[in-house]
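Heads up, the thing below is written out as structure tokens.
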Amino acid sequence: MKRIFISDLHLDKKEPQLQEAFEIFLTAECRDADQLYILGDLFEAWIGDDDPGEHSTNVINLLSGLSCELFLMHGNRDFLIGDQFCEATRATLLQDPSLITIGDENVLLMHGDSLCTLDTGYQRVRQVLRSEAFQSDFLKKTISEREDITQQMRGQSKKHTSTMKEEIMDVTPEEVVRTMNEKKATKLIHGHTHRPAVHEHQLENVIGHRYVLGDWRPSTRYLSVEGSDFQLKEFNF
Ligand code: MN
């Protein structure tokens, strides 16, 4: 069994070369994979499944043509991906967090933003954006209204992150340990921070491993798991 984990592509119609890179990745690296997991922020922005556009259609076609099983998790940019998108791509939507078993280990999958608990401003905004009330209200607006709101929020978010200290923008180690212990997971895979690495954490009884996936500009680090062999690999394009 071979599993591939990626995240944070931030696909954007303004960057067609990134979509080409993704296509190459799927052909080259996922050729012999049984399962592909996209752990959030596949898109730079997603304002609803009803937004027609050549770019999203291309991505849907790309994903629906995969021969492996596809699992998708929401990120902070594309949490409005819904049933229509998942049906079209034959993807299974995963809750954040999700626990899977690999070999005899519990492996926790997350996007990663909920672990950045020191950024209290962001966590407050996250709670609002992820609420049923906000989302149903937002999806009732016209496409162009939604685009305007998204643009405004991007601007605010950029302003916010530019004033933040580095460690505040990263996951909180204590929260990582707490979450892994709570879920009885010995491994954690997440993205979001764009700081690809393998970290060790002292858990209740064992040393746990945390695999952080990379973003895609200009290359990426992704996780390949064959049997119980976890490897953070580099993909250049
Ligand atoms: Mn993210």
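The opening residue of the sequence shown carries number 1245 in my numbering; numbering runs sequentially from there. Note that beta-carbon positions come from the ideal geometry of N, C-alpha and C, so glycine has one too.
- Proximity annotation: the ligand MN has residues Asp1285, Gly1319, Asn1320, His1436 in chain order, each selected because its CB is closer than 5 Å to a heavy atom of the ligand.
- For Asn1480, there is no enclosing beta strand (DSSP E), as DSSP marks it with neither H nor E.
- CA-to-CA, the gap between Cys1330 and Asp1363 works out to about 31 Å.
- The beta carbon of Thr1336 sits closer than 6 Å to the beta carbons of Phe1315 from its chain, once the five residues preceding and following it are set aside; these are given in chain order.
- Under a 10 Å Cβ-count criterion, Asp1348 is classified as exposed, with fewer than 16 other Cβ atoms of the shown protein chains found around its own Cβ.
- From the listed residues Val1450, Pro1440, Ile1451, the smallest Cα separation to Phe1249 is found for Pro1440.
- Separation of the CB atoms of Leu1457 and Val1421 is rounded to 20 Å, and the pair is thereby denied contact status at 8 Å.
- By DSSP's assignment, Ser1468 forms a beta bridge with Ile1248, Gln1475.
- Bridge partners of Phe1287 according to DSSP: Leu1255.
- Annotated three-state conformation of Thr1364 is helix, per DSSP.
- In the DSSP assignment, Ile1393 falls within the alpha helix (DSSP H) that extends over 1387-1406.
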